[in-house]
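Residue numbers (my numbering), protein chains in the order written: chain Z, 145 to 220; chain H, 145 to 220.
Here it is, written out as structure tokens:
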């Protein structure tokens, strides 16, 4: 895979993330896939290891899940 | 803020995410901050809205939290 893939489902956090990812990586370097509109590609996303959306699959195959997780207070 | 900031705490998912982000955005376009080693910058991260790590703060100020969230099965 030579191009990053950004999987999302149209939720507000997805849209914000999509705009940022495109802005940072460049529109030519990432394919945007809306899994809510194109459910036939959910299986493809799963094969890459996507467990939630929005997620960015890097050209290396590593998956970055973009979301809100553990609290920063745990670091203190 | 003209440069993206990547906040992490040295956990395995952070390191993978860091490598991918640097590879995708370019090392000159992102400042990497290890909050586990430099706790004095936790307040700065919080001001940007960082709620978990790893997180990428885009030049626009939007925060992308990179993590595992809701399951993809919820989309089906």
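For every residue, glycine included, the Cβ atom is placed at its ideal position computed from N, Cα and C.
Rounded distance between the beta-carbons of residue j and residue i, thought under 8 Å
i	j	result
residue 179 of chain H	residue 164 of chain Z	20 Å between Cβ atoms; not a contact.
residue 288 of chain Z	residue 147 of chain Z	Nothing in the structure corresponds to residue 288 of chain Z, since chain Z is present only between 145 and 220.
residue 177 of chain Z	residue 185 of chain Z	6 Å
Own chain partners of residue i with C-beta closer than 6 Å, once the 5 adjacent residues on each side are dropped
i	result
residue 161 of chain H	198 and 210
residue 151 of chain H	177, 179, 189, 194, 197 and 199
residue 201 of chain H	149, 192 and 207
Proximity to residue i [Cα-Cα], best of the options
i	options	result
residue 154 of chain H	H:191, H:181, H:206 and H:186	H:181
residue 203 of chain H	Z:185, Z:156, Z:191 and Z:169	Z:169
Identified DSSP bridge partners for residue i
i	result
residue 192 of chain Z	Residue 192 of chain Z pairs with nothing; no bridge assigned.
residue 200 of chain Z	Z:150 and Z:208
residue 175 of chain Z	Z:149
Sequence-distant residues of its chain with Cβ nearer than 8 Å to residue i (five each side left out)
i	result
residue 196 of chain H	209 and 211
residue 206 of chain H	none
Contact set for residue i: own chain, Cβ-Cβ below 7 Å, skip 5 residues either direction
i	result
residue 159 of chain H	none
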